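Engineer:
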Amino acid sequence: MSRSDVLVDADWVQSHLGDPGIVLVEVDEDTSAYGKGHIKGAVKVDWKKDLQDPVRRDFVDRAGFEALLSERGISNDDTVILYGGNNNWFAAYAYWYFKLYGHHNVKLLDGGRKKWELDSREMVTEVPTRAATSYHAQEQDGAIRAFRDDVVAAIGNLNLVDVRSPDEFAGRLLAPAHLPQEQAQRGGHVPTAKNVPWSKAAQEDGTFKSDDDLSSLYGDEAGLDFSKDTIAYCRIGERSAHTWFVLHELLNQPNVKNYDGSWTEYGSLVGVPIELGDGK
Amino acid sequence: MSGSGQAGAAGCGAPAGGIKVTDGAGNQAIVQGHVTSGGSPVPTGYARLLNADGEFVAEVPLGDDGGFTFYAAPGDWTLRVLAPGGIRADRVVSAELGKITELDLAV
Chain B
796 MSRSDVLVDA DWVQSHLGDP GIVLVEVDED TSAYGKGHIK GAVKVDWKKD
846 LQDPVRRDFV DRAGFEALLS ERGISNDDTV ILYGGNNNWF AAYAYWYFKL
896 YGHHNVKLLD GGRKKWELDS REMVTEVPTR AATSYHAQEQ DGAIRAFRDD
946 VVAAIGNLNL VDVRSPDEFA GRLLAPAHLP QEQAQRGGHV PTAKNVPWSK
996 AAQEDGTFKS DDDLSSLYGD EAGLDFSKDT IAYCRIGERS AHTWFVLHEL
1046 LNQPNVKNYD GSWTEYGSLV GVPIELGDGK
Chain W
63 MSGSGQAGAA GCGAPAGGIK VTDGAGNQAI VQGHVTSGGS PVPTGYARLL
113 NADGEFVAEV PLGDDGGFTF YAAPGDWTLR VLAPGGIRAD RVVSAELGKI
163 TELDLAV
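Listed in order, the protein sequences are those of chains B and W.
When we follow this note's numbering, the leftmost residue of the first sequence carries the number 796, and every step to the right adds one.
When we follow this note's numbering, the leftmost residue of the second sequence carries the number 63, and every step to the right adds one.
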């Protein structure tokens, strides 16, 4: 897979607005952002209401994903272009979801909503109407999702990449600095994890760095052993979906999983090892 | 470690401008303020928080009133504003536990 298979730039989106067979989908951290303005023709997916089970801490199941995409008017044959705020955190998370349920024709808008806004490109408030479809999802692809036991077993054996900020990694903060400090019972990180904040993979305008820069970042600088499998985690799994995208989709690393339970789960488990302090 | 005065945060979903503090900093080190241009709020743009080494830590889109809020750790930070038209402005700020540090920027 090459970069052009998984990423499109703002010019490409601009020139394909309204094309049949291409569906723009906005997924934001701030779920009210879409209502204030979005790229023309884009439909909204709410990362919490639409993608999370309303009772258990888990994803919507296969039937739920099928119902969601059918209702949004997305068919199996459509090319889905995902974008969102916060440097595409939640768009990358949704991208991972689409892959998890077997929708392979999906790409990210490089830079997401931020790049589009900073370019002063047109945003509209008109919500498009799309005819419902009968979407069929696959069973979840377990090759790209890690659970807590996978993480414990990976300590000292596999690459563990903690993509949170250095202060969260060290245990000084429990959440990103734009959010109140709550969530996990304990601070710190999984022992042997390398701290490579997701933001190091992105430029200031939200676009991804070059493949060469990304290879250096995770290889030479962070010291990941690319011959080993990798698990990425953050606090709730969305920033690590961004890093999963980099490692698995841009750098073509074959065995990379996203641990969506992430620190809010691991940091509340009884009896698992935790390490404090800055990265080594 | 729940703070006081936040308007209902859940998961990672922060509204534009960040989650406003309404009744004091509690045990948090808060940096908040507004971005204006020619006396009017800048509603489209981003506030980024960089640590003392210049490394990115957090970012929020500006609110309709040009506002932003960060829940930082105590220490020195750089606030960077990005807005359409190539606007890019930095301001150094110190955060303290239990204090709301107000910071207004004209760009």
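Backbone N, C-alpha and C define an ideal beta-carbon position, used for all residues, glycine too.
These figures come from a predicted structure and were not determined experimentally.
What are the start and end residues of the beta strand (DSSP E) that includes Arg1034 of chain B?
Structural biologist: From DSSP, Arg1034 of chain B is part of no beta strand (DSSP E) but of the alpha helix (DSSP H) over 1034-1039.
Engineer: State yes or no: is the C-beta of Ala979 of chain B within less than 8 Å of the C-beta of Leu1071 of chain B?
Structural biologist: Contact flag unset, no.
Engineer: Distance cutoff 8 Å, beta carbons only. Does Lys962 of chain B sit that close to anything in chain W?
Structural biologist: Per the sequence shown, the amino acid found at residue 962 of chain B is Asp instead of Lys. Output row for Asp962 of chain B: interface = yes.
Engineer: Could you tell me how far apart the beta carbons of Leu1112 of chain B and Ala837 of chain B are, in whole angstroms, since I believe they sit closer than 8 Å?
Structural biologist: A question about residue 1112 of chain B goes unanswered here, because the residues of chain B that appear run from 796 up to 1075.
Engineer: In terms of residues, what are the limits of the beta strand (DSSP E) holding Asp845 of chain B?
Structural biologist: No beta strand (DSSP E) contains Asp845 of chain B, which DSSP labels as neither H nor E.
Engineer: How about Ser1057 of chain B: is its C-beta nearer than 8 Å to some C-beta of chain A?
Structural biologist: In the displayed structure, chain A is absent; the protein chains listed are B and W.
Engineer: In the stretch 938-972 of chain B, which residues sit with their C-beta less than 8 Å from some C-beta in chain W, listed in chain order?
Structural biologist: Ser960, Pro961, Asp962, Arg967, Leu968, Leu969, Ala970, Pro971, Ala972
Engineer: Residues in the same chain with beta-carbon distance under 6 Å from Pro1068 of chain B, minus the five sequence neighbours each way, listed in chain order, please.
Structural biologist: Pro986
Engineer: Can you list, in chain order, the stretches of the alpha helix (DSSP H) that have 4 or more residues and sit fully within the stretch 977-1047 of chain B?
Structural biologist: 1006-1011, 1034-1039
Engineer: How would you list, in chain order, the residues of chain W whose beta-carbon sits under 7 Å from the beta-carbon of Asn990 of chain B?
Structural biologist: The contacting residues do not exist; Asn990 of chain B stays about 11 Å from chain W at best.
Engineer: Would you say the stretch 855-870 of chain B touches the stretch 924-935 of chain B, given that touching needs at least three Cβ pairs under 8 Å?
Structural biologist: yes
Engineer: Going by beta carbon distance, what residues of the same chain come within less than 8 Å of Cys74 of chain W, once the five residues before and after it are set aside?
Structural biologist: Interpretation of Cys74 of chain W is limited by its pLDDT of 45, a score under 50 that renders its predicted location unreliable; no figure is taken from the coordinates.
Engineer: Given His811 of chain B, which residues of its chain have a CB within under 7 Å of its CB, disregarding the five upstream and five downstream residues?
Structural biologist: Ile817
Engineer: At least one CB of chain W closer than 8 Å to the CB of Asp825 of chain B: is that the case?
Structural biologist: yes
Engineer: Along the beta strand (DSSP E) that carries Tyr108 of chain W, what are the first and last residues, could you check?
Structural biologist: 108-112
Engineer: Within this structure, are the beta carbons of Arg153 of chain W and Leu144 of chain W separated by less than 8 Å?
Structural biologist: no
Engineer: Where Lys1023 of chain B and His1043 of chain B are concerned, what is the direct C-alpha to C-alpha distance, given to the nearest angstrom?
Structural biologist: Answer to the nearest angstrom: the Cα atoms are 13 Å apart.
Engineer: Which residues bound the beta strand (DSSP E) around Glu170 of chain W?
Structural biologist: Within the shown structure, residues of chain W are numbered from 63 to 169, placing residue 170 of chain W beyond reach of any answer.
Engineer: In chain B, which residues lie with their C-beta within 7 Å of the C-beta of Ala151 of chain W?
Structural biologist: Correct list: empty, because the minimum Cβ distance to chain B is about 13 Å.
Engineer: For Trp139 of chain W, which beta-bridge partners are listed by DSSP?
Structural biologist: W:Val155
Engineer: What are the start and end residues of the beta strand (DSSP E) that includes Asn952 of chain B?
Structural biologist: Here Asn952 of chain B belongs to no beta strand (DSSP E), and DSSP marks it neither H nor E.
Engineer: State buried or exposed for Phe1021 of chain B, treating a residue as buried only when at least 16 other CB atoms are found within 10 Å of its CB.
Structural biologist: So Phe1021 of chain B counts as exposed.
Engineer: Counting only beta-carbon separations shorter than 8 Å, does Leu167 of chain W have a partner in chain B?
Structural biologist: no
Engineer: For Pro849 of chain B, count neighbouring Cβ atoms within 10 angstroms of its own Cβ and tell me buried if that reaches 16, exposed if not.
Structural biologist: exposed
Engineer: Could you spell out where the beta strand (DSSP E) holding Pro123 of chain W opens and where it closes?
Structural biologist: That run of the beta strand (DSSP E) goes 118-123.
Engineer: Within 8 Å (strictly less), CB to CB, does Pro103 of chain W reach chain B?
Structural biologist: no
Engineer: Exposed or buried, what is Thr131 of chain W when buried is set at 16 or more other beta-carbons lying within 10 Å of its beta-carbon?
Structural biologist: By the C-beta density criterion, Thr131 of chain W is buried, having at least 16 other C-beta atoms within 10 angstroms.
Engineer: Helix, strand or coil, according to DSSP, for Asn900 of chain B in the structure here?
Structural biologist: coil
Engineer: May I ask you to verify whether the stretch 1011-1019 of chain B touches the stretch 1053-1065 of chain B, counting CB pairs closer than 8 Å and requiring at least 3?
Structural biologist: By the Cβ rule, the stretch 1011-1019 of chain B does not count as touching the stretch 1053-1065 of chain B, because fewer than three pairs are nearer than 8 Å.
Engineer: How big is the Cα-Cα spacing for Lys1052 of chain B and Thr1025 of chain B?
Structural biologist: So the alpha carbons of these two residues sit roughly 6 Å apart.
Engineer: For Asn881 of chain B, list the residues DSSP reports as bridge partners.
Structural biologist: DSSP lists no beta-bridge partner residue for Asn881 of chain B.
Engineer: For Asp957 of chain B, does the three-state DSSP call read helix, strand or coil?
Structural biologist: strand
Engineer: What does DSSP give as the partner residue(s) for Ile92 of chain W in the beta ladder?
Structural biologist: W:Tyr133, W:Ile162
Engineer: Could you tell me which residues DSSP puts in a beta bridge with His833 of chain B?
Structural biologist: His833 of chain B is bridged to B:Val919.
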